[in-house]
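**Student:** Residue numbers (the working numbering), protein chains in the order written: chain A, 49 to 154; chain B, 936 to 1449. From the three backbone atoms N, C-alpha and C, an ideal C-beta is built for every residue, glycine too.
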Amino acid sequence: MSEEKEQLEELQTQHGTYKTTFNAMYRRRKKWEPSNPKHLLTHIPGTVVAINVAVGQQVKAGDELMMYKAMKMDNRVKSPIAGTIKKIDVQVGDKLPKGHLMIEFE
Amino acid sequence: MALDDKILELEEKKARLSHGGGEKAIEKQKALGKMTARERIDALLDEGSFHEYDMFVEHDAREFGMQGKVLPGDGVVIGTGTVAGNPIAVFAQDFTVAGGSLGLMHARKITKIMDYALNMRIPLVGINDSGGARIQEGVNALAGYGEIFFRNTMASGVIPQISVILGPCAGGAVYSPALTDFVFVVENVSKMFITGPEVIKTVLGEEISMEELGGARVHSELTGNAHFYASSEAECFGQIRKLLSVIPHNNTEKAAKAVPKAPQQKYDISKAVPVDPSVPYDVRDVIRAITDESDFVEVMELFAGNIVVGFGRIEGETVGFVANQPLVLAGVLDCDSSDKAARFIRFCDAFNIPIVTLEDLPGYLPGIDQEHAGVIRHGAKMLYAYSEATVPKITVILRKAYGGGYIAMNSRHLQADFVFAWPNAEIAVMGPEGAANIIFRKEIKEAEDPAAMRQARIQEYKDKFANPYVAAAKGYVDAVIAPADTRGYVAHALKVAAGKIASRPAKKHGIPPF
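1. Is the separation between the beta-carbon of A1401(B) and that of E1361(B) shorter than 7 angstroms?
2. Of the residues N1021(B), P1448(B), L1037(B), which one's Cα is nearest the Cα of Q1028(B)?
3. Alpha carbon to alpha carbon, how far is G1159(B) from Q1174(B)?
4. Which residues in chain B have a C-beta closer than 8 angstroms to the C-beta of P128(A)? List them in chain order.
5. State yes or no: is the C-beta of L144(A) within less than 7 angstroms of the C-beta of H87(A)?
6. Report the residues of the segment 58-78 of chain A with a CB closer than 8 angstroms to any CB of chain B, ordered along the chain.
7. Where does E154(A) sit, in a helix, a strand or coil, going by DSSP?
8. Entirely within the segment 1098-1124 of chain B and at least 4 residues each: give me those alpha helix (DSSP H) ranges in chain order.
9. List the residues of chain B that P145(A) touches, going by C-beta distances under 8 angstroms, in chain order.
10. What's the C-alpha gap between Q1350(B) and S1322(B)?
11. Residues of chain B with a CB under 8 angstroms from the CB of L149(A): which are they?
12. Taking only three categories from DSSP, how would you classify R1248(B)?
13. Excluding the 5 residues flanking E1082(B) on each side, which residues of the same chain have their C-beta closer than 7 angstroms to its C-beta?
14. Along chain B, in chain order, which residues have C-beta atoms closer than 7 angstroms to that of P93(A)?
15. Contact criterion: CB-CB distance below 7 angstroms. Does G1240(B) meet it with respect to chain A?
16. Using the beta-carbon count (16 or more within 10 Å), is H1444(B) buried or exposed?
17. How far does the alpha helix (DSSP H) with F1279(B) in it reach, from first residue to last?
18. Could you name the residues of chain A that I1303(B) contacts, counting a contact when the two beta carbons are closer than 7 angstroms?
19. Using the C-alpha atoms, what's the distance from D1211(B) back to V1018(B)?
20. Give me the Cα-Cα distance between G131(A) and N1123(B), rounded to the nearest whole angstrom.
21. Does the Cβ-Cβ distance between A1052(B) and I1094(B) come in under 7 angstroms?
22. Opposite M121(A) in the DSSP bridges: which residues?
23. Using a beta-carbon distance below 7 angstroms, is L1264(B) in contact with chain A?
24. Is V1011(B) buried or exposed, if buried means 16 or more other CB atoms sit within 10 Å of its CB?
25. Write down every uninterrupted run of the alpha helix (DSSP H) in the segment 952-1022 of chain B whose length is 4 residues or greater and which is fully enclosed by it, in chain order.
26. Among all the DSSP beta bridges, which residues are the ones paired with L1059(B)?
27. State buried or exposed for R1069(B), treating a residue as buried only when at least 16 other CB atoms are found within 10 Å of its CB.
28. Just by C-beta distance, which residues in the segment 1337-1352 of chain B are closer than 9 angstroms to chain A?
29. Can you pull the chain A residues whose beta carbon is under 8 angstroms from the beta carbon of P1261(B), in chain order?
30. In chain A, which residues lie less than 8 angstroms from M1365(B) when you measure between Cβ atoms?
31. What residue ranges within the segment 1209-1259 of chain B form continuous beta strand (DSSP E) runs of no fewer than 3 residues, ordered along the chain?
32. Tell me which residues share the same chain as R1176(B) and place their Cβ nearer than 6 angstroms to its Cβ, disregarding the 5 neighbours each side in the sequence.
33. Just the chain B side, please: which residues come within less than 8 angstroms of L56(A) by C-beta, in chain order?
34. Taking the alpha helix (DSSP H) that D1398(B) falls in, what are its first and last residues?
35. Quick check: the segment 65-84 of chain A against the segment 97-110 of chain A, are there 3 or more CB pairs under 8 angstroms?
36. Is the segment 945-955 of chain B in contact with the segment 1000-1009 of chain B, if contact means three or more CB pairs nearer than 8 angstroms?
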């Protein structure tokens, strides 16, 4: 018989509620956050090479906002929307992971 | 020179080459708590059974100072030997020689022993301990990896392929183990990753140790890349020998039959499963109550524990078990457990191992992360694997069998050969709690005492639908059996199904939802 006497947790599925334990992967799950269209995030790990806009500046969709080096390539980061730059969250030289906030729009 | 002298000369040469990278390098290897390549082979094989080949192989690289550089055996030891008297092929990378780096001749030795293994239809064990591609040999090193991957793929499903990670295994090198059937790792010794901590630091500025990035624990618990976890190399080789004793040695054979033995008495199957479907238990106790000597070789014990897979024997014959584990995540199916089970089922099917499925699950794990991680695609792998399998397939429904989970767990509808259910099994489109909440939503809401009304309705649903007899009335369940009769029914079913012939339409290959 297994002697594990772990603290039991509750898990609910559409069929009912069950006492059980959680595994490592389940404990690591992240809470869902809806994406914010006014937030520009990195899609890939890389380094900020240049920032071509300033706070308060108005941009059109497709305007080049920054240069971002990832996987040995210089990537032009274009504005996904038209709007005013509210905040720039990164500096030239920053090494960023995937999903990191770079620019916020008004 | 007389023959005796020549033999003496041979012995000297062999002694020198057997010393790998020399005293200093061996000392370094030992300081890391690691065995040498030849010690590892000796630990794996029957005593004195190892026969080494290609000991005198030399590289012919010329660039970057390689000319004239002596690398004994080119950093890898290959040969054949026996485990419990049965022949196997083996290679072991020798980290003491140029860090076990893979050059063209190193790779050619590996592909040679892979060809032997495939042609002779014997298992292959590859011991990986290498710094990676020998950069000085350029594209030839890459060619070497590619030639190994191709052979791994060709041998897949023909002979069992086992990879042992006993040191670094980084970059492209990881894909040979990833293509094999079973990957063994050892705490503090195994390190596997595509891009190492240094690259991650340079590119991302994130610092992580090798152990945290791709150590034995990580691959056993989180990534699912490893199938067996050991705390020492000695334990690891014991695990490999044990595994080789329960699986067939090629796809034309059955696993060697053992003398039938009864399960240990301490595993009482009648008491193993609580009647209340919300109370957990360890399904491995049910498996051990069924198998000979209560022996169970669990595969991927630390990964996706909500499903348990592994090998045991019933009346001396090897079977593969797939069992929902109520003790972990209530035994739900999710991305990882589906993936784990599907792969195991395909191994069993490829190697003539009957599959016994023990079912007790409350459906699929709900969650945004699950949906976005592709639980549809991963879950489909299991349906595919069960449906595709032509080995004898037996299901025992212990308790809960709800909704899509019921179908996925080797149901009659996926062509299970035998489906048995215990008297307290609940085979239904939904669990009583969930069903009552939907069917009687309005009634419960408008009741004076909603909680009491809910309980009454749950009980009503339970009495009507949450039992094995509705499914048995349609022939979806062959027999409702007492828990104590499980081993007898399964053993008989295995006997009856031993000569099973199931045909499938001719095709080049199917397209499983990888």
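**Tutor:** On the basis of the data shown:
1. Numbered from its first residue, the second sequence carries residue 1401(B) at position 466. Numbered from its first residue, the second sequence carries residue 1361(B) at position 426. Taking 7 angstroms as the Cβ cut-off, A1401(B) and E1361(B) qualify as a contacting pair.
2. Within the second sequence, residue 1028(B) is the residue found at index 93, counting from 1. Selected option, being the one with the closest Cα: L1037(B).
3. Taking the first residue of the second sequence as position 1, residue 1159(B) is located at position 224. Taking the first residue of the second sequence as position 1, residue 1174(B) is located at position 239. A direct Cα-Cα distance of roughly 18 angstroms separates G1159(B) from Q1174(B).
4. Residue numbering aside, residue 128(A) sits at position 80 when the first sequence is read from its first letter. Chain B residues near P128(A): none, gap ~21 angstroms exceeds 8 angstroms.
5. In the first sequence, residue 144(A) corresponds to position 96, counting from 1. In the first sequence, residue 87(A) corresponds to position 39, counting from 1. No, the Cβ-Cβ distance between L144(A) and H87(A) is not below 7 angstroms.
6. Within the segment 58-78 of chain A, the qualifying residues are L59, Q60, T61, Q62, H63, G64, T65, Y66, K67, T68, T69, F70, N71, A72, M73, Y74, R76, R77, K78.
7. Translated into positions along the first sequence, residue 154(A) becomes position 106. DSSP, reduced to helix, strand and coil, places E154(A) outside both helices and strands of the structure shown, so it counts as coil.
8. Taken in chain order, the whole alpha helix (DSSP H) runs of length 4 or more contained in the segment 1098-1124 of chain B are 1110-1114.
9. Translated into positions along the first sequence, residue 145(A) becomes position 97. Ordered by position in chain B, the residues that pass the 8 angstroms Cβ test against P145(A) are L1139, E1141.
10. Start at 1 with the first residue of the second sequence, and residue 1350(B) comes out as number 415. Start at 1 with the first residue of the second sequence, and residue 1322(B) comes out as number 387. Between the alpha carbons of Q1350(B) and S1322(B) lies a distance of about 7 angstroms.
11. Within the first sequence, the letter at position 101 stands for residue 149(A). Neighbours of L149(A) in chain B, taken as residues whose beta carbon is under 8 angstroms from its own, are absent, since the nearest beta carbon is some 16 angstroms off.
12. Translated into the one-based positions of the second sequence, residue 1248(B) becomes position 313. DSSP places R1248(B) within a strand segment (E or B) once states are collapsed to three.
13. Taking the first residue of the second sequence as position 1, residue 1082(B) is located at position 147. If we look at E1082(B) and ignore the five residues flanking it on each side, its Cβ neighbours are A1042, T1046.
14. The sequence position of residue 93(A) within the first sequence is 45, counting from 1. Chain order gives the chain B residues near P93(A) as V1138, L1139, where near means a beta carbon separation below 7 angstroms.
15. Locating residue 1240(B) in the second sequence gives position 305, where the first residue counts as 1. It does; some Cβ of chain A falls within 7 angstroms.
16. Translated into the one-based positions of the second sequence, residue 1444(B) becomes position 509. Looking at its Cβ environment, which holds fewer than 16 other Cβ atoms inside 10 Å, H1444(B) is exposed.
17. Start at 1 with the first residue of the second sequence, and residue 1279(B) comes out as number 344. Per DSSP, F1279(B) belongs to the alpha helix (DSSP H) from 1270-1285.
18. Reading the second sequence from its first residue, position 368 is the one you call residue 1303(B). Result: W80.
19. The count along the second sequence starts at 1 and reaches residue 1018(B) at position 83. The count along the second sequence starts at 1 and reaches residue 1211(B) at position 276. Each residue's Cα considered, the two are about 46 angstroms apart.
20. For this step, residue 131(A) is matched to residue 83 along the first sequence. For this step, residue 1123(B) is matched to residue 188 along the second sequence. So the alpha carbons of these two residues sit roughly 52 angstroms apart.
21. Residue numbering aside, residue 1052(B) sits at position 117 when the second sequence is read from its first letter. Residue numbering aside, residue 1094(B) sits at position 159 when the second sequence is read from its first letter. Inclusion of A1052(B) and I1094(B) in the CB contact set at 7 angstroms is warranted, their separation being smaller than that value.
22. Your numbering for residue 121(A) matches position 73 in the first sequence. In DSSP, M121(A) forms a bridge with A118(A).
23. Walking along the second sequence from the start, residue 1264(B) turns up at place 329. At least one CB of chain A lies nearer than 7 angstroms to the CB of L1264(B).
24. Residue 1011(B) sits at position 76 when you count from the first residue of the second sequence. Residue burial annotation: V1011(B) is buried, with at least 16 other C-beta atoms found within 10 angstroms of its C-beta.
25. Listed in chain order, the complete alpha helix (DSSP H) runs (minimum 4 residues) inside the segment 952-1022 of chain B are 958-966, 972-979.
26. Here residue 1059(B) corresponds to residue number 124 of the second sequence, with the count starting at 1. For L1059(B), which the question treats as bridged, DSSP gives the partners A1024(B), Q1096(B).
27. Translated into positions along the second sequence, residue 1069(B) becomes position 134. Buried, since its Cβ has 16 or more Cβ neighbours within 10 Å.
28. Answer in chain order: Y1337, G1338, G1340.
29. If you number the second sequence from 1, residue 1261(B) lands on position 326. The contacting residues are Y66, T68.
30. Stepping through the second sequence from its first residue, residue 1365(B) is reached at position 430. For M1365(B), the residues of chain A that pass the 8 angstroms Cβ criterion are Q62, H63, in the order they occur in the chain.
31. Counting only runs of 3 or more, we get 1232-1234, 1242-1249, 1252-1259.
32. Position 241 of the second sequence holds residue 1176(B). These residues qualify, in order along the chain: V1018.
33. Counting from one through the first sequence, the residue named residue 56(A) turns up at place 8. The answer, in chain order, is P1215.
34. Position 463 of the second sequence holds residue 1398(B). According to the DSSP assignment, D1398(B) belongs to the alpha helix (DSSP H) that extends over 1385-1400.
35. Contact fails: fewer than three Cβ-Cβ distances are below 8 angstroms.
36. Three or more Cβ pairs closer than 8 angstroms define a contact, and the segment 945-955 of chain B meets that threshold against the segment 1000-1009 of chain B.
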